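Start counting at 1 in the sequence shown, then tack on 36, and there's your number in our numbering.
Structure first, then comments.
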Amino acid sequence: MKSRFSIAKAEWSDERENQYKKDCFNIVFNFGDKIKANDNTVYLIKNGEEIEIEKPLKQKTFWYETWLKLKDFYQMD
Numbered sequence: 037m038k039s040r041f042s043i044a045k046a047e048w049s050d051e052r053e054n055q056y057k058k059d060c061f062n063i064v065f066n067f068g069d070k071i072k073a074n075d076n077t078v079y080l081i082k083n084g085e086e087i088e089i090e091k092p093l094k095q096k097t098f099w100y101e102t103w104l105k106l107k108d109f110y111q112m113d
């Protein structure tokens, strides 16, 4: 018996993760700050100071986890 395999869910997840990445950069840009991802850690550069924001647990949800932390950092609803 053949097993089913669909790439639709994987493609959807990748698209959604890419959207979270864009949202992260937009949030930070709107506050006049910069974001840097280095060695699986995300840093926020605010007033010349580098602040560690997130070290996501899963590579697959890297930007989603970062997005949640940024929303919390900037106290967004």
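We treat Cβ as the ideally placed atom computed from N, Cα and C, and that holds for glycine.
Quick caveat: nothing in here was measured; it's all calculated off a predicted structure.
Out of the options, which one is the CA nearest neighbour of residue i?
i	options	result
ILE67	LEU93, TYR56, LEU80	Note on identity: in this sequence residue 67 is Phe, with Ile being the wrong assignment. It is LEU80 whose Cα lies nearest to the Cα of PHE67.
GLU85	LEU93, LYS70, TRP99	LYS70
LYS94	ASN83, ASP108, LYS82, THR77	THR77
TYR56	ASP113, LYS82, THR102	THR102
ASP75	PHE98, LYS58, PHE61	PHE98
In chain order, what residues of the same chain have a beta carbon less than 8 Å from the beta carbon of residue i, not counting five sequence neighbours either side?
i	result
SER49	LYS96
Between residue i and residue j, which are expected to be in contact by the criterion C-beta below 8 Å, what is the C-beta distance as a whole number of angstroms?
i	j	result
GLU51	TYR100	So it is not a contact: roughly 12 Å between Cβ atoms.
LEU106	ILE63	5 Å
Could you check where the beta strand (DSSP E) with residue i kicks off and where it finishes?
i	result
THR77	77 to 82
ILE87	85 to 90
LYS70	70 to 74
Can you name the start and end residues of the alpha helix (DSSP H) that residue i belongs to?
i	result
LYS107	98 to 109
Tell me which same chain residues have a C-beta within less than 7 Å of the C-beta of residue i, skipping the five on either side of it?
i	result
CYS60	ILE71, TRP99, THR102, TRP103, LEU106
LYS82	ASP69
Are there three or more Cβ pairs, one per stretch, closer than 8 Å when the region 84 to 95 is compared with the region 41 to 49? Segments in contact, no.
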